[in-house]
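A short write-up of the structure that comes next.
Chains as they are written, first to last, in this note's numbering: chain A, 853 to 1105; chain B, 853 to 1105; chain C, 1209 to 1476; chain D, 1209 to 1476.
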């Protein structure tokens, strides 16, 4: 009997689906879930094509040799197809805030800062907004500080931008023309009313939205085998946690 | 008995004098004389300070590790004190032409091109114009094509520029304010009338200009020993030629 | 604490602009305490392109007037407590940037160019708050193509840690070329290393490829495990537990002081 | 001639912009004849930052419409005869540059920036003849500070020769980082190497430091002594006598044709 998919496994599988057709993806140093989704995509594609995965700050998954500028140069050259962005706040126009709330520069709450967002959001064709916490304080109507805007006026050079928003509750796609989010699917166990209450911005949705697909048995086996092993090298704490969850969910023998 | 200085040894010694106080000098790949002068300066200074010498295209005298852009970056950073420029034509305002004569782009006579001159002439504080051929076709009133101008209008960012012009006949210094050349000294064997006839541009001079100093015995020994040996590594043909001249000048035993 | 580290720290004078590398690229943690003991304050830190423990400790010690950075964080250990507090209190000035803008500013300095152009940034509040950046209409476009110009960043001093140097002053930086970029852009570069070797790193093409030439390096001192508690590529891993201890202690000014006092023996 | 060189040459199509390295940085002379046999003409050559034998031979073979360069010369062997003749005859267009301007254009492409600023050049005839460059008043100055902007140079293809590659497609370029700059800036990069090794050049930090990652490399082929008659650092010296023979032969179109025919066997 195969153990039912864990919530994090649904997310990782969703990330892998969002990366379909991507040839080079980069993930941040502290991004185990995007890394796992990328590794799954790589494993699924390997008979047909080679997905390149760059993990910032990693040694094993680092094929850059020109210092920390190379990722950005790569994006500027159009050689990076997908990237993940988080955000302390994300609003309905896909603006992201990684700086803080309650005034600037003297912020009441300060977050680390914008990192590469203000560049990569413009230059990477498929940016996936990924933030597990889905609450009204994260999913806001309007961010307090725009680290990187979701859309740009006509004329602004912008080959890149947001493609989707993935949270612990749901998957949205982003329509750059409207602009705004459309609900794609609700994760197992989350209802539409729950989602609406947790979201500070308006979004389009069906009356009866579909449920986010779970990985099938073969994909689950790949995830819990090879992907988990690969992930362990760079994210040992996350991998151990995942293994614990699997063990805990195991039906008593 | 020490053999009297050869003409090329006077030139090399003059170059070494022009490099007094310099901490980092670069010379082109095909510049044995500037290289020899720099090596002599390095040998003379070594008890007090370390003169860095970069020879483009050389392996032994190359401490750059960032490709062929590093020399120019170095100059832009203000880390390069002296450089040598030649020129198919040089005029009285120290403009240099490395491109050609008789029209542009369809030149009747085409030379290789401007190389780094249009940048280094602006950024290196002490540029030494060095061209052995001193004839009216090289030392012209006005160059046909300005690869790099000798002076710039006020406001143009220009920490660098020409300091001196050294030829097979004479040494000039350049006055950036006037602007123009002033004769510093005539090399042994060259008269003022000869020089005036050979020079297409007007220059200031004393009625009875001094003779370019020759190296003393100790300096000659250094030149013919250590400097010649060091030079051999990068410029074997030039070194062999020099040795031949020394052998030929040797009084019969 | 070795005297040479103290001597190196004395190059830093009040008000200087200091470039420091990102966590994983060779932070000279060994220089943090000498810098604090040196006492020169009013510093303008340039994080290349983000800052962490060292930046937080220099801020905690009251030496920092301004931070120019794309982020300050302790990574897995969370936010940088002294940085966050200083922002809240308004005791430091900020130049919030994005990583490639910091690289662009250093590259402009490396090339002796007044500025570099960079895509992105248009419409961000980063740009709105940076009165030292400019937006022009791309002169190569057909009009209506705004592009941001980043002025050269020219630090007075760059400080980092590397695996090795040779006795001729050349430093092996491997593929961490942002360290070279920092050195090119800075007037002075101070380097601590795990060890100094006798052979010339430039005389072998294989090691030369990863070497920062002595031309750019003012001072070098040996400081074994000098990146600790950060790791150093090819040498040792990050001591995350220690960074966690710091993160927890430094939540308050007193906790910070206590941590620094307690670690005095360990770091010296 | 190995089939893989011919296959690589077939990537080059008429009208393309091709980046080629300076004499001493790894010229893929082994690709010259396949390029000529491939026959795609109307090429726009970008010399990084100067050209020599290969450029002269491609011009002599009638494949070149434009040369963007800081110089073309045979070094000790003197002027480049087919280039000089083509200039005199007006059969090629010129974009005369200065070395750092070519590096600046490639760097702009590397960074995805529309242009780089560069000092110098003001008042030169180079600038006067380059209608693809712009001069603006430095927006960071107080006014009256002209500065030249160089647009991104984005070659379709970069071609060079290096000592080795691994079977994963990584290429060891050592400290000849202009080769990396060419590859970053170009859409496709074709590389010949002395030999292909089994180990992964990126798995050892020492070799990784001098390695261009496979990400930037489209095709690799083995071509022993592939830079000949140029030398290759750490491998073999330049065959100056051979370049002299070329320089002498290629003074006329007939002499050039004769030389190329006579060397067909040697170079194949």
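All C-beta atoms in this analysis are idealised placements derived from N, C-alpha and C, irrespective of residue type, glycine included. In this text the structure is predicted, and so the values were computed from the model without any measurement.
Here the alpha carbon of residue 1014 of chain B sits roughly 24 Å from the alpha carbon of residue 1067 of chain B. For the beta strand (DSSP E) assignment, the uninterrupted runs of no fewer than 3 residues enclosed by the segment 868-899 of chain A are, from N- to C-terminal side, 876-879.
Residue 864 of chain A carries a helical assignment under DSSP once its states are collapsed to helix, strand and coil. For residue 1384 of chain C, no pairing in a beta bridge is given by DSSP.
For residue 1252 of chain D, there is no enclosing alpha helix (DSSP H); the enclosing beta strand (DSSP E) has its first and last residue at 1251-1256.
What residue 1427 of chain C touches in chain A, judged by beta-carbon distance under 8 Å, is nothing: the nearest beta carbon there is about 22 Å away.
Residues 1410 of the same chain have their beta carbon placed closer than 6 Å to that of residue 1416 of chain C, with the five preceding and five following residues left out of the count. The straight-line gap separating the alpha-carbon atoms of residue 891 of chain B and residue 875 of chain B is approximately 12 Å.
Among the CB atoms of chain B, none fall inside 7 Å of the CB of residue 1289 of chain D.
Note on geometry: alpha-carbon atoms of residue 1467 of chain C and residue 1447 of chain C lie some 16 Å from one another. Taking a Cβ-Cβ cut-off of 7 Å, the neighbours of residue 1330 of chain C in chain A comprise 1004 and 1008, given in sequence order. Runs of the beta strand (DSSP E) spanning 3 or more residues and lying entirely within the segment 927-1009 of chain B occur at 934-937, 941-943 and 978-982, in chain order. By the neighbour-count definition (other C-beta atoms within 10 Å, threshold 16), residue 1432 of chain C is an exposed residue.
Judged by DSSP in its simplified three-state form, residue 1027 of chain A adopts strand.
The segment 903-914 of chain B and the segment 877-890 of chain B touch, with no fewer than 3 CB-CB distances between them shorter than 8 Å.
By the criterion of at least three beta-carbon pairs nearer than 8 Å, the segment 981-989 of chain B is in contact with the segment 936-951 of chain B. Taking 7 Å as the cut-off, the Cβ atoms of residue 1268 of chain D and residue 1464 of chain D count as close. From the beta-carbon of residue 960 of chain A, the residues of chain C found nearer than 9 Å are 1296.
Taking the C-beta atoms as reference points, residue 1309 of chain C is found no nearer than 7 Å to residue 1367 of chain C. Residues 1285 of the same chain have their beta carbon placed closer than 6 Å to that of residue 1452 of chain C, with the five preceding and five following residues left out of the count. Chain D places no beta carbon closer than 7 Å to that of residue 1033 of chain B, leaving this residue out of the contacts. The beta carbon of residue 1029 of chain A sits no closer than 7 Å to any beta carbon of chain D.
Just so you know, the alpha carbons of residue 1260 of chain D and residue 900 of chain B end up roughly 41 Å apart.
If you check each beta-carbon in the segment 1385-1404 of chain C against every beta-carbon of chain A, the ones closer than 8 Å belong to 1385, 1386, 1387, 1388 and 1389. Nearest to residue 964 of chain B by alpha-carbon distance, out of B:976, B:970, B:950 and B:955, is B:950. For the 7 Å CB-CB criterion, residue 1289 of chain C and residue 1459 of chain C form a contact.
At least one beta carbon of chain B lies nearer than 7 Å to the beta carbon of residue 1278 of chain D.
Residue 1032 of chain A: member of the beta strand (DSSP E) spanning 1032-1038, first to last residue. Note that the segment 1416-1425 of chain C does not touch the segment 1212-1229 of chain C; fewer than 3 beta-carbon pairs, one per stretch, sit closer than 8 Å. Interface annotation, residue 997 of chain A: in contact with chain C, CB-CB separation under 7 Å.
One Cα belongs to residue 927 of chain B, the other to residue 1012 of chain B, and the distance between them is close to 9 Å. Taking a beta-carbon distance threshold of 7 Å, residue 890 of chain B does not count as an interface residue toward chain D.
Chain-ordered listing is empty here: chain D has no CB closer than 7 Å to the CB of residue 913 of chain B, the nearest sitting near 13 Å. In chain order, 1069 and 1072 place their CB closer than 7 Å to the CB of residue 854 of chain B, counting only its own chain and leaving out the 5 sequence neighbours on each side. For residue 1376 of chain C and residue 1398 of chain C, the gap between their C-alpha atoms comes out near 15 Å. When secondary structure is reduced to three states using DSSP, residue 1433 of chain C falls in the coil class, being assigned neither helix nor strand.
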